[in-house]
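Below is one structure; the comments refer to it alone.
In our numbering, the protein residues as written are 280 to 547.
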């Protein structure tokens, strides 16, 4: 992918243990949703599968188990955090500048990537992914809508928790916008797939988590990785520290951001 405007690219902690924790927490939060959706639509035993920006997720391994007579290729810019599986081919790959692995594919999965691309690159990338689908092939695009400002269900101090989550929401959204991220993309992905001739099924999913769980470790790690950017967009350092402490408190109960899982099916 093009990384000139990517929020995490130039953060001092992006390549440190904080970045690794962030990827692990991302997988722990969203892999169950992705697996649920993929198993719901089903994958043929001989399917050819492609996972874009696999990171630390288990989705490629899940597809390898389902498509036990097929092929699974998983790509990313950096393969260091990727989980190894005997039936998964890992490929270092830039989705914007590099050619796709040879298709066609029966299922392509891409999560939390396209919203970070500039509009022209995102549109061109989507065109290539759709073109790489086999007849009746599936393109799974998963994003989330940030809703931290309304996340808190229970906390030792509800008003203070709401204040900290609201401050993080505003600063994080401003940091994303400053990096060119489109906050509407999570919803507009449905239209983008449909306008390319795919029949689309979208499901919105949110779950409840306690402090210290993957969905809380994700913003905890993220706030550490992009701390300087959050301060620059208006969240004071002491508030960041208090927010991160709160995210580890088992008495904190939150609902996760709304995950939007779009599955587009190409005509047969």
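All C-beta atoms, glycine included, are put in the ideal place defined by N, C-alpha and C. None of the values given here were measured: they were computed from a predicted structure.
In the three-state reduction of the DSSP assignment, residue 511 falls in the helix class, which pools H, G and I. With contact defined as three or more Cβ pairs closer than 8 Å, the region 524-543 and the region 471-480 are in contact. The beta carbon of residue 500 lies closer than 7 Å to those of 297, 300, 301 and 304 in the same chain, with the five residues before and after it left out. A check of alpha carbon separations from residue 312 across 523, 525 and 494 identifies 494 as the nearest. Every alpha helix (DSSP H) of 4 residues or more that sits fully in the region 461-485 is shown, in chain order, as 464-473. Collapsing the DSSP output to three states places residue 543 in a strand. Between residue 440 and residue 525, the C-beta spacing is below 9 Å.
In this structure residue 435 touches residue 530 by the C-beta definition: roughly 5 Å separates them, less than 8 Å. With fewer than 16 other CB atoms across the displayed protein chains lying within 10 angstroms of its CB, residue 527 is exposed. Setting aside the 5 residues that flank it on each side, residue 444 is surrounded in the same chain by 427, 428, 430 and 431, each with a C-beta closer than 7 Å to its C-beta; the list follows chain order. Only residues of its own chain outside the window of five on either side were considered, and among them 509, 512, 513 and 514 have a CB closer than 7 Å to the CB of residue 450, listed in chain order. Residue 505 has its alpha-carbon roughly 15 Å from the corresponding atom of residue 460.
Per DSSP, the unbroken beta strand (DSSP E) holding residue 414 starts and ends at 412-424. Excluding its 5 nearest sequence neighbours in each direction, residue 479 has C-beta neighbours in its own chain below 8 Å: 469, 472, 473, 541, 542, 543 and 544, listed in chain order.
The alpha-carbon of residue 416 is positioned some 25 Å away from that of residue 361. DSSP places residue 361 outside both helix and strand once states are collapsed to three, so it counts as coil. Just so you know, the alpha carbons of residue 366 and residue 337 end up roughly 13 Å apart. The straight-line gap separating the alpha-carbon atoms of residue 523 and residue 456 is approximately 22 Å. Excluding its 5 nearest sequence neighbours in each direction, residue 404 has C-beta neighbours in its own chain below 7 Å: 374, 375, 393 and 396, listed in chain order.
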